[in-house]
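So the structure is just underneath, and the comments pick up after that.
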Amino acid sequence: MNSQSHSRKRVPTEAEFIAVEKSDDFQHLRKTFRGFAFPVTVAFLAWYLFYIVVATYAYDFVTTPVIGVINIGMILGLAQFATAGLITWAYVRFADNKLDPETAKIRQQMEQEA
Numbered sequence: 002m003n004s005q006s007h008s009r010k011r012v013p014t015e016a017e018f019i020a021v022e023k024s025d026d027f028q029h030l031r032k033t034f035r036g037f038a039f040p041v042t043v044a045f046l047a048w049y050l051f052y053i054v055v056a057t058y059a060y061d062f063v064t065t066p067v068i069g070v071i072n073i074g075m076i077l078g079l080a081q082f083a084t085a086g087l088i089t090w091a092y093v094r095f096a097d098n099k100l101d102p103e104t105a106k107i108r109q110q111m112e113q114e115a
């Protein structure tokens, strides 16, 4: 079998990409993405800033022992990693359920416009 016998996917033109970018479906996809990404980013940055401020200015609080040598500062620091993991998990679910179906619809429309 040579490479000529394989079916090739049609590559959309630049004009088609621009038309899709201006389409209602694509604008809705962008709005949906921003509706998740921006609030989550702001919330995480606020949480991180809180951690930095508390660690910097509330030394007595963050050095308070909780269990053995584990103190509040360590728990807050580890919670940053846990939060990043939770955000990643939430984004994957969001993308699978909201973004991917819309993306597939747009892709299918572009590939059929030959």
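Per the working numbering, the very first residue in the sequence shown carries number 2; after that it's consecutive.
Don't be surprised by glycine CBs; every beta carbon is placed ideally from N, CA and C.
Keep in mind that this is a model prediction, so the values were computed, not measured.
The beta strand (DSSP E) spanning residue i covers which residue range?
{"i": "V70", "result": "Where V70 is concerned, there is no enclosing beta strand (DSSP E), given that its DSSP letter is neither H nor E."}
Between residue i and chain C, is any beta-carbon pair separated by less than 8 Å?
{"i": "L79", "result": "Chain labels in this structure do not include chain C; a single protein chain is all it has."}
Could you give the distance in angstroms between the alpha-carbon of residue i and the alpha-carbon of residue j?
{"i": "R35", "j": "D101", "result": "14 Å"}
Within its chain, find whatever has a CB closer than 6 Å to the CB of residue i; leave out the 5 residues flanking it on each side and keep chain order.
{"i": "V12", "result": "none"}
Using three-state DSSP, classify residue i as helix, strand or coil.
{"i": "P40", "result": "helix"}
Which residues bound the alpha helix (DSSP H) around residue i?
{"i": "K116", "result": "Since the first residue shown for the chain is 2 and the last is 115, residue 116 is missing from the structure and cannot be characterised."}
{"i": "A59", "result": "Counting along the chain, A59 falls outside any alpha helix (DSSP H), and DSSP gives it neither H nor E."}
{"i": "T104", "result": "101 to 113"}
Report all residues from its chain with a CB closer than 8 Å to the CB of residue i; omit the five preceding and five following residues, and keep chain order.
{"i": "V1", "result": "The question about residue 1 has no answer here: the residues shown for the chain are numbered 2 through 115."}
### Task
Would you check if there are 3 or more beta carbon pairs closer than 8 Å linking the stretch 76 to 90 to the stretch 38 to 52?
Contact between the stretch 76 to 90 and the stretch 38 to 52 is present, because at least three Cβ pairs lie under 8 Å.
### Query
Does the stretch 73 to 80 come close enough to the stretch 51 to 65 to have 3 or more Cβ pairs within less than 8 Å?
Contact check between the stretch 73 to 80 and the stretch 51 to 65: three or more CB pairs, one atom from each, fall below 8 Å, which counts as touching.
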